[in-house]
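Structure first, then comments.
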Amino acid sequence: MNFKLPSSTSTARTLSALMLALAPHAASLAQDKKPPPPPPRAHGPEAALAEVQKMVAGEGLQVSLFASEPMLVNPADIDVDAQGRVWVCEGANYRSTFQRWGILRPDGDRIMILEDSNRDGVADKPTVFYQDHTVNTALGICVLGNRVIISSSPNVFVLTDTDGDGRADKRELLFEDTSKGDHDHCMHAFVFGPDGKLYFNFGNEVKELRRPKGGLMALPLHGKVPAHESETVLDQSGRPVKSGVLTERAGQPDKGANPYRQGMVFRCELDGSGVETLGWNFRNNYEVAVDSFGTLWQSDNDDDGNRGVRINYVMEFGNYGYTDELTGAGWSQGWKKAQEKGAKEEERPFYHWHLYDPGVVPNLLQTGNGSPTGIAVYEGTLLPEPFRNQIIHCDAGPRVVRAYPVQNQGAGYRASLLNVLTSPDSWYRPSDICVGPDGALYISDWHDAGVGGHNMADRVLESMTGRIYRVAPKGDSKPKIAKLNFQRASDAMTGLQSPNMATRYLAWTSLHAMQAKAESRLLKLWNGKNADPRLRARSLQLLARIPGQEKKYVETALKESNADLRICALRIARERKLDLIPYLRTLVQDPSAQVRRECAIALRHHPSPEAPKLWAALARQHDGKDRWYLEALGLAMDGQENAFFDAWLADVGDKWNSPAGRDIVWRSRASKAPGLLVKLITDKNTTAPEKEHYLRALDFIKGAEKDAALVEISTSLLN
Ligand SMILES: [Ca+2]
Ligand SMILES: [Ca+2]
Ligand SMILES: [Ca+2]
Ligand SMILES: [Ca+2]
Numbered sequence: 017m018n019f020k021l022p023s024s025t026s027t028a029r030t031l032s033a034l035m036l037a038l039a040p041h042a043a044s045l046a047q048d049k050k051p052p053p054p055p056p057r058a059h060g061p062e063a064a065l066a067e068v069q070k071m072v073a074g075e076g077l078q079v080s081l082f083a084s085e086p087m088l089v090n091p092a093d094i095d096v097d098a099q100g101r102v103w104v105c106e107g108a109n110y111r112s113t114f115q116r117w118g119i120l121r122p123d124g125d126r127i128m129i130l131e132d133s134n135r136d137g138v139a140d141k142p143t144v145f146y147q148d149h150t151v152n153t154a155l156g157i158c159v160l161g162n163r164v165i166i167s168s169s170p171n172v173f174v175l176t177d178t179d180g181d182g183r184a185d186k187r188e189l190l191f192e193d194t195s196k197g198d199h200d201h202c203m204h205a206f207v208f209g210p211d212g213k214l215y216f217n218f219g220n221e222v223k224e225l226r227r228p229k230g231g232l233m234a235l236p237l238h239g240k241v242p243a244h245e246s247e248t249v250l251d252q253s254g255r256p257v258k259s260g261v262l263t264e265r266a267g268q269p270d271k272g273a274n275p276y277r278q279g280m281v282f283r284c285e286l287d288g289s290g291v292e293t294l295g296w297n298f299r300n301n302y303e304v305a306v307d308s309f310g311t312l313w314q315s316d317n318d319d320d321g322n323r324g325v326r327i328n329y330v331m332e333f334g335n336y337g338y339t340d341e342l343t344g345a346g347w348s349q350g351w352k353k354a355q356e357k358g359a360k361e362e363e364r365p366f367y368h369w370h371l372y373d374p375g376v377v378p379n380l381l382q383t384g385n386g387s388p389t390g391i392a393v394y395e396g397t398l399l400p401e402p403f404r405n406q407i408i409h410c411d412a413g414p415r416v417v418r419a420y421p422v423q424n425q426g427a428g429y430r431a432s433l434l435n436v437l438t439s440p441d442s443w444y445r446p447s448d449i450c451v452g453p454d455g456a457l458y459i460s461d462w463h464d465a466g467v468g469g470h471n472m473a474d475r476v477l478e479s480m481t482g483r484i485y486r487v488a489p490k491g492d493s494k495p496k497i498a499k500l501n502f503q504r505a506s507d508a509m510t511g512l513q514s515p516n517m518a519t520r521y522l523a524w525t526s527l528h529a530m531q532a533k534a535e536s537r538l539l540k541l542w543n544g545k546n547a548d549p550r551l552r553a554r555s556l557q558l559l560a561r562i563p564g565q566e567k568k569y570v571e572t573a574l575k576e577s578n579a580d581l582r583i584c585a586l587r588i589a590r591e592r593k594l595d596l597i598p599y600l601r602t603l604v605q606d607p608s609a610q611v612r613r614e615c616a617i618a619l620r621h622h623p624s625p626e627a628p629k630l631w632a633a634l635a636r637q638h639d640g641k642d643r644w645y646l647e648a649l650g651l652a653m654d655g656q657e658n659a660f661f662d663a664w665l666a667d668v669g670d671k672w673n674s675p676a677g678r679d680i681v682w683r684s685r686a687s688k689a690p691g692l693l694v695k696l697i698t699d700k701n702t703t704a705p706e707k708e709h710y711l712r713a714l715d716f717i718k719g720a721e722k723d724a725a726l727v728e729i730s731t732s733l734l735n
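Residue numbers for the sequence shown follow this note's numbering, so the first one is 17 and each next one is one higher.
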């Protein structure tokens with residue numbers, strides 16, 4: 017559902033869909049003659065079952081049909097609750113605001129709960145949790161106990177079932193944006209993180225994050241959101257969460273504008289306060305997944321046809337390069353210039369994501385053409401080994417669900433591809449994936465000839481399709497779900513170890529409320545030296561949030577031999593606002609480049625007078641090859657470029673001209689960088705491509721030193 021049509025559909029059709037989307041008076045098109053009826057298509061449970069028989073599950077896995085039309089249609093996003101019930105955002109009224117087919121479900125789209133009451137692996141009890149036109153094709157759902165967060169741009173609602181009958185009784189407004197909605201690149205799903213916070217993202221159709229004045233606002237249960245006062249959200253750095261506006265004349269961001277661009281990803285408290293902008297300049301980062309260490313993973317859709325769909329490890333506070341940082345230009349301008357200079361076709365994705373520019377975080381993986389959708393991290397033990405602890409991701413374009421087994425590489429990671437679920441059915445369009453409390457994967461299938469992009473073939477409500485599959489190890493057809501009473505500490509501890517996010521939310525909240533009363537049980541899990549480090553990390557997150565115990569547990573975890581646990585501890589220390597400097601003094605010498613990467617992130621905007629020295633210690637350990645590490649150093653410099661750079665120069669002296677030193681000069685935007693760049697550019701031994709590389713760095717620096725550098729370079733060219 018990612019702004020793209022299948023390859024069999026012509027570009028002209030894509031364009032016409034786009035123009036429809038942009039037409040200011042699109043409503044008048046509704047009077048045009050009705051689109052032709054869709055081709056006859058088998059539908060209903062029997063057709064769905066027959067098609068599931070032909071699906072291909074990954075090695076050691078089997079797929080079964082959990083639910084199908086007419087129980088649900090067009091699932092855009094799902095969540096699975098602690099009882100194993102699948103919650104679905106339907107999209108029968110997809111693009112009803114401007115496409116000629118208009119409203120197909122007159123009472124508005126539904127949020128469904130699909131329950132398998134006899135645990136035979138097949139849903140048998142559908143409940144309409146909510147129905148309204150304000151949730152037409154909502155792109156995100158997150159079940160948090162009796163509260164459900166629905167992302168439906170321009171609104172993010174909290175729906176609450178106060179009496180437990182499976183129907184919403186209360187509606188509140190958590191966030192809002194300035195988009196028109198009804199677009200695949202809007203506000204996406206919220207997820208609960210191991211730190212007790214919410215993580216969420218939006219694609220580049222949203223330009224500004226707002227919220228009601230005074231925070232969470234009560235609304236009538238149904239209907240349009242009444243007029244009210246709202247405000248732009250300011251994030252942790254005091255910046256408005258708003259796409260940086262570029263003035264046309266100078267091609268520069270407006271005065272006072274921020275670096276934020278395009279798609280972004282965030283963290284906030286459960287009540288929506290304390291928003292932090294964690295990454296920006298994505299195109300359509302459809303969902304974010306957070307693992308137990310607090311590491312973020314996303315996909316992103318390329319500009320269609322560039323074979324550049326990417327999977328990202330989201331290094332906090334990174335710019336991900338969808339548009340040119342300085343001009344806001346798309347990829348094609350830079351690519352055109354590069355082609356003139358002989359760049360090869362295979363380099364196109366690198367230009368597409370501006371990866372040759374200083375200040376752009378690299379990608380984990382590029383997966384070619386696609387329309388990436390839902391994502392999760394599988395932290396369960398039901399599935400066989402290769403899928404454990406891995407990112408699992410839907411791509412509706414090539415019609416595949418894949419795992420991306422990740423390995424450490426320097427300060428970042430590398431990943432490979434491993435199929436989880438494919439189908440010969442040309443309507444198979446996986447839209448989302450969740451891990452159930454039984455440890456199985458639940459995959460929603462939008463099921464259409466196309467992947468969205470403002471179009472759909474499935475336009476008759478009576479025959480509309482939509483499916484949920486369950487993927488489990490071969491022979492496992494009946495979900496086993498423990499009945500937990502989260503008010504009991506022992507049950508809550510079991511829940512904390514669940515691979516299901518909704519279960520973990522209930523367990524986390526309960527254990528967090530117990531505070532010191534839960535400490536001994538949490539300690540037992542933490543001290544289980546053979547225990548899965550991810551489970552230990554979950555325990556640590558709670559131990560370090562027992563008032564008065566924060567330092568003790570952070571310091572204990574910083575001595576762990578597992579680098580991910582040291583990273584987790586440093587993240588907790590940052591979040592708990594502990595004095596980081598004593599920790600960083602040791603950690604900047606950590607043998608793990610990933611831990612040192614986190615040190616750099618921790619130094620960003622750090623006011624300590626010791627910060628430049630600590631940063632310089634990190635910079636001295638750059639190997640001249642690791643782009644992740646270099647970009648971590650770079651984003652740490654934000655606002656303190658000169659102090660950090662000077663500290664490094666003081667350390668390295670005239671030995672700055674090494675492969676690593678040249679990298680740092682290229683990435684830094686310090687006042688002294690232009691003078692050194694001139695030396696590199698005018699050096700007789702510097703090759704032509706290297707000159708281009710260093711010249712590009714000058715574009716990102718402003719001031720007299722840069723102007724002087726340009727004069728010096730042009731003088732040397734004349735001589
Ligand atoms: Ca989801
Ligand atoms: Ca059943
Ligand atoms: Ca209710
Ligand atoms: Ca469908």
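Ideal Cβ positions, reconstructed from N, Cα and C, are used throughout, including at glycine.
{"Item": "Cβ pair residue 152, residue 109 closer than 8 Å", "Value": "yes"}
{"Item": "Closest by C-alpha distance to residue 445, when choosing among 641, 633 and 416", "Value": "416"}
{"Item": "Backbone CA spacing between residue 175 and residue 156 [nearest angstrom]", "Value": "13 Å"}
{"Item": "Per-residue DSSP class, three states only, for residue 698", "Value": "helix"}
{"Item": "Cβ neighbours of residue 482 in the same chain (closer than 6 Å, five flanking residues each side left out)", "Value": "85, 88, 89, 90, 91 and 463"}
{"Item": "Three or more C-beta pairs below 8 Å linking the segment 361-381 and the segment 320-338", "Value": "yes"}
{"Item": "Residue 660 - containing alpha helix (DSSP H), residue span", "Value": "657-668"}
{"Item": "Test item: CB-CB of residue 645 and residue 682 under 8 Å", "Value": "no"}
{"Item": "Whole beta strand (DSSP E) elements within the segment 235-303, 3-residue minimum", "Value": "246-248, 279-284 and 292-298"}
{"Item": "Top-ranked residue by Cα proximity to residue 278, from 210, 233 and 195", "Value": "195"}
{"Item": "Residues of its chain near residue 37, where Cβ-Cβ distance is below 6 Å and the 5 sequence neighbours each way are ignored", "Value": "For residue 37, the predicted structure reports a pLDDT of 37, less than 50, and the residue's modelled location is therefore unreliable. The matter cannot be settled from this model."}
{"Item": "Cβ-based burial, residue 24 [other Cβ within 10 Å; buried from 16]", "Value": "The pLDDT assigned to residue 24 is 34, lower than 50, so where the model puts this residue is not dependable; a value taken from the coordinates is nonetheless given after this. So residue 24 counts as exposed."}
{"Item": "Residue 389 CB to nearest heavy atom of ligand 4 below 7 Å", "Value": "no"}
{"Item": "Anticipated Cβ contact below 8 Å, residue 326 with residue 381, distance rounded", "Value": "7 Å"}
{"Item": "Assumed close pair residue 522, residue 538 - CB separation to whole angstroms, cut-off 8 Å", "Value": "That belief does not hold up - the Cβ atoms of residue 522 and residue 538 are roughly 16 Å apart, past 8 Å."}
{"Item": "Three-way DSSP call (helix, strand, coil) for residue 106 in this model", "Value": "strand"}
{"Item": "Local Cβ density within 10 Å of residue 554, reported as buried at 16 or more and exposed below that", "Value": "buried"}
{"Item": "Three or more C-beta pairs below 8 Å linking the segment 344-359 and the segment 439-458", "Value": "no"}
{"Item": "Near ligand 2: residue 139 beta-carbon under 7 Å from a heavy atom", "Value": "yes"}
{"Item": "Cutoff 8 Å; reference residue 718; Cβ partners in own chain excluding five residues on either side", "Value": "none"}
{"Item": "Limits of the unbroken beta strand (DSSP E) element including residue 489", "Value": "483-489"}
{"Item": "Three-state secondary structure (DSSP) of residue 73", "Value": "strand"}
{"Item": "Other residues of its chain near residue 245: CB distance less than 6 Å, five sequence neighbours each side excluded", "Value": "229"}
{"Item": "beta-carbon residue 303 near ligand 1 non-hydrogen atom, thresh 7 Å", "Value": "yes"}
{"Item": "Supposed close pair residue 96, residue 450 - CB separation, criterion 8 Å", "Value": "4 Å"}
{"Item": "Endpoints, the beta strand (DSSP E) within which residue 511 is located", "Value": "Per DSSP, residue 511 belongs to no beta strand (DSSP E); it is in the alpha helix (DSSP H), 505-512."}
{"Item": "Reference residue 211; option with closest CA among 695, 566 and 603", "Value": "566"}
{"Item": "Distance between residue 674 and residue 732 (C-alpha atoms, nearest Å)", "Value": "23 Å"}
{"Item": "Cutoff 6 Å; reference residue 414; Cβ partners in own chain excluding five residues on either side", "Value": "386"}
{"Item": "Check: residue 606 C-beta below 7 Å from any heavy atom of ligand 3", "Value": "no"}
{"Item": "Length at least 3, wholly inside the segment 147-183: the beta strand (DSSP E) runs in chain order", "Value": "156-160, 163-168 and 171-176"}
{"Item": "Stretch pair the segment 686-705 + the segment 651-665: three plus CB contacts closer than 8 Å", "Value": "yes"}
{"Item": "heavy atom of ligand 4 below 7 Å from residue 89 C-beta", "Value": "yes"}
{"Item": "Residue 443 (DSSP reduced to helix, strand or coil)", "Value": "coil"}
{"Item": "Cβ shell of residue 647 (< 8 Å), same chain only, five flanking positions each side left out", "Value": "331, 334, 375, 376, 377, 378 and 683"}
{"Item": "Three CB pairs or more closer than 8 Å across the segment 283-302 and the segment 220-229", "Value": "yes"}
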